[in-house]
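Working notes, structure below.
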Amino acid sequence: MMLSTAATSAAAGVDTSILDKAGDLDAFRTAVRTWLEEVTARRRKLDQDGRPSFYDLQQWWMAERNKVGLGTPHWPVKYGGSNISLACQVTMSEELARARVPAMSLFTVSLNHVFATLSMWGTEEQKTAYLPEVAKGAVWCQGFSEPGAGSDLASLRTRAVRDGDHYVVNGQKIWSSYSMYAGHCILLARTNADPEIKKQAGISYFLMDMTLPGVEVRPIKQSNGDAEFAELFLTDVSIPVSQRVGEEGEGWKVAQSTLAAERGVLAFEAAERLRYDVEEFYAAAVECSASWLQDAEMRREFMRLFGEVQACRKMFRRLLREAGQMSPEQAATVPQVKVINTALRKAVGDFMVRASGMDAQIFVDCEDRMAQPVSRYVSSFGGAIAGGSNEIMRNIIAERVLGMPRR
Amino acid sequence: MLEDDLELLVQSIEDVLSNECGSQALHKFYDGENALDTDLWRQASDLGWLAIGLTEELGGLEMGYRGLDVLHRALGRAGAPGGFIPTLVGAQWLSQVADERLLQELMPRFVAGELEFAVPAALGGVALEERDGFLSGTSSLLMGGSETCVAIVPVGVVGGRGFAVVEADGRTAVMEPAELWDRTRPAGKLVCNQAKPLALIADADGAVARCYLSNMTLAVAADCVGAARRIAGQTVDYLKERVQFGKPLATLQALKHRCADLFLKITPAEDLLNHAVDAASRADRSALMWCALAKAAASDAFRFVAADCVQLHGGVGHTWEFDCHIFLKRALLNEELGGRNAILRDLAAEELNLAAMKGISTMEIAA
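Here the protein sequences come in this chain order: A and B.
Going by the numbering used here, the first residue of the first sequence is number 563, and it counts up by one from there.
Going by the numbering used here, the first residue of the second sequence is number 2, and it counts up by one from there.
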């Protein structure tokens, strides 16, 4: 298939042999696939030389992608991206899932949330200061939720008090993924605590350097045993006014663009990965004549989930097709997508635990815990709770999609 | 081209159904006070709906499974009465398995609206006995029930199984109507006494039966999705109007979440149906598996939705005057049509296993 928009030139020193094919989707796919085979071979070599840590592996993978201009393919060239079409991004996601390469979990916030926020709201200085670094693998975290402000995010209490050309920030943040590795944080804090104004109107948005005095990170161990997220304790942290995004009091509006970045290609790739997980699980069961294959109820449950995984992939394709001209009504269907997708992950994890029987109950201490059904299942709650719990999503579906009154 | 045609088609179908097949007309039909089924049938044949799925050589509009899908969703949404599913499934099925002679004989009558088909409600029922070219016995329940229909029924033929195409003549082949709880759907049994079939179609390898399954499951799944969306939307509207404790019920969070769940059930079923329709249109080798899974998902969703809509309506939800019961009964019948959902998932599991044995992935999605 020939596409009218070809990728424009990439940054200096980048091997553009894959990007050069962005105008021809089939050729692009082949090039990505070949490159991924080479990368996978190098990964095997890496593992033989001693298993890299999560952080090192993520940085290695980012570097490999940057070598061929696929680190930030969806960004404009100006900020270190490759500006490839949505069709190419989708093709790339399909191939990444197929090759079973690691998801870029460490960079979720930097590549998506930071980019979405700065490209819409950032000053030119902020964009040029941060985006090229992010493109090279700078890690960012998000400081939104607080112990007292989860689903009710707008009631957050971390205070930012203006003092000349700085804000002095005090408070506590929670559920901040990978903040122990992060150099910077996108932070929401209250600049106006007047109880007479709407609570959303008192919030401002900041870019915080994590090395500033007064920033303390305490990891939180989650139910699967990993410590992916952490608490942030902020004590008299002094943030320059130039690090504010948008006007004072506009933080809530700015944060909406950040949260919007969670949809789209990112979730698409995850759905593609789920396909291979389910196919592999089934192939392994056939291979070893797993007992659940002889259990009619279990088999039917599997077939139901198998259908839902495919439906989910189909749903994302529909959504991305519509994304080009997304109207507010279409955008409003996104909470539905979030609930369907995350509930399905829980159901698949739950099934895999039961289907694997006693074997699944045995703890194996290995790097890729997600390969273990219990880890997969207990981790799956994260998606259904984070980014607006599925209960909040149901409120949004009822009110914005179905038009049911708030009160 | 097809997209534009489909859009026009949807509009025309929805216009007719919203004018003719509103809630009041449907209730009158339920009470035997109008002939909505024959009125709709006449409109359908006049407007060419019956020819949607067939090829041009057979007098059709070449809109294939996509076109049929649009039609069945709209009919489901309207809760439309009549033998649309058996007739359209019968025609599509025959067009895929019958010989030229039989098609030349039957299809012009079908396209003109002069012929209804009856097909098995599900497979696995009684096979009629065939001896020296004549049929005897009583069939299992067939969907479609006009006295002069052409029935496609399972038959035990020499050397194996197959299907007979029999025209009900009121003497040797008699359609005995069965009254269903879902009054919108005609059904009956074919009683044969030395009946001469129009044709016998051998099915030693089960290919003809598989063809029935693909057509029937797609039609029923589309009906389920359309009907579920209708009754769910209607229920949300009712909750916005019904005031208790001084405010609309729609403001209560417990009910909001239930309403969200109605649509969260329907959406994946609808996407799976879209996938099955695409697979069938391409004659993909895993199409039957997707059709079976799509019907099971759509029917499960419709049953869940229809039942909860009764409950969400409260007292009026289980009265004869409100629409809920009409859709609940349609949902109960739909679960049986084409095969119960558990059986269809078993069938899909067999298909998946066969593909796995050959090392084929069934999950590729064409761009």
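Each residue gets a CB set at the ideal place from its N, CA and C atoms; glycine is no exception.
On a predicted model such as this, the values are computed, not experimentally measured, just so you know.
| Query | Result |
| --- | --- |
| Bounding residues of the alpha helix (DSSP H) (the contiguous stretch that carries S713/A) | Per DSSP, S713/A belongs to no alpha helix (DSSP H) and is neither H nor E. |
| Residue nearest to E961/A in terms of C-alpha spacing, selected from L253/B, R341/B, E365/B, F118/B | L253/B |
| Local conformation of P269/B per DSSP, three classes | helix |
| Secondary structure of C874/A, DSSP reduced to three states | helix |
| Delimiting residues of the alpha helix (DSSP H) encompassing S800/A | Not the alpha helix (DSSP H): S800/A falls in the beta strand (DSSP E), residues 791-802. |
| Against chain C: residues of the segment 271-285 of chain B by CB proximity under 7 Å | Absent from the structure is chain C; the protein chains it does hold are A and B. |
| C-alpha gap between E842/A and G945/A, whole angstroms | 22 Å |
| Residues from the segment 812-841 of chain A in contact with chain B, defined by Cβ distance under 8 Å | R837, E841 |
| Contact under 7 Å by Cβ, A165/B with P187/B | no |
| Minimum C-alpha distance to Q805/A - residue among L750/A, V910/A, E831/A | L750/A |
| Contact between the segment 692-708 of chain A and the segment 630-647 of chain A (3+ Cβ pairs under 8 Å) | yes |
| Sequence-distant residues of its chain with Cβ nearer than 8 Å to C874/A (five each side left out) | A833, L836, I902, N903, L906 |
| Nearest residue (CA-CA) to T149/B, options A200/B, M176/B, S137/B, T139/B | M176/B |
| Short-range partners of chain B found in the segment 791-814 of chain A, where Cβ spacing is below 7 Å | none |
| Contact with chain B by E870/A, beta-carbon distance below 7 Å | yes |
| Touch test, the segment 190-209 of chain B against the segment 343-361 of chain B, Cβ-Cβ under 8 Å, three pairs minimum | no |
| Backbone secondary structure at N628/A - three-state DSSP | helix |
| Candidates D771/A, A722/A, E831/A, of which the one nearest G811/A by Cα | A722/A |
| Reduced DSSP category for S729/A - H, G, I as helix; E, B as strand; rest coil | Per the sequence presented here, residue 729/A reads as Tyr, with Ser not at that position. Looking at Y729/A - three-state DSSP - the assignment turns out to be strand. |
| Neighbourhood of H319/B by C-beta distance below 6 Å, restricted to the same chain and skipping five residues each side | V311 |
| Selection from R341/B, E115/B, Y213/B, A128/B that minimises the alpha carbon distance to V1/B | Summary: the structure shown does not reach residue 1/B, with chain B confined to residues 2 through 368, and so no result is reported for it. |
| Cβ-based burial, R304/B [other Cβ within 10 Å; buried from 16] | buried |
| Where R956/A meets chain B, residues with beta-carbon distance less than 7 Å | K257, H258, A261 |
| Proximity winner among R230/B, A343/B, L256/B, relative to K241/B (alpha-carbon distances) | L256/B |
| Inter-stretch contact at 8 Å, needing at least 3 Cβ pairs: the segment 935-953 of chain A / the segment 211-222 of chain B | no |
| Local Cβ density within 10 Å of A280/B, reported as buried at 16 or more and exposed below that | buried |
| Counterpart residues of D771/A in DSSP-defined beta bridges | H746/A |
| Test: A960/A CB closer than 7 Å to a CB of chain B | yes |
| Amino acids of chain A, ordered along the chain, whose beta-carbon sits closer than 7 Å to that of A1/B | The structure shown does not extend to residue 1/B, since chain B spans only 2 to 368, so no value can be given for it. |
| Through-space distance from V896/A to G125/B, alpha-carbon basis | 42 Å |
| V71/B versus R606/A: straight-line alpha-carbon distance, rounded | 50 Å |
| Buried versus exposed call for Y617/A [16 or more other C-beta atoms within 10 Å across all chains shown] | exposed |
| Spatial neighbours of R74/B in its chain, beta-carbon cut-off 7 Å, leaving aside the 5 residues before and after | A223, V226, G227 |
| Close-in-space but distant-in-sequence residues of the same chain around A302/B (CB under 6 Å, 5 per side omitted) | A229, K266, I267, A270 |
| Beta-ladder partner(s) of G575/A, from DSSP | Bridge partners of G575/A: none, in fact. |
| Alpha carbon of F791/A to alpha carbon of Q784/A, nearest angstrom | 8 Å |
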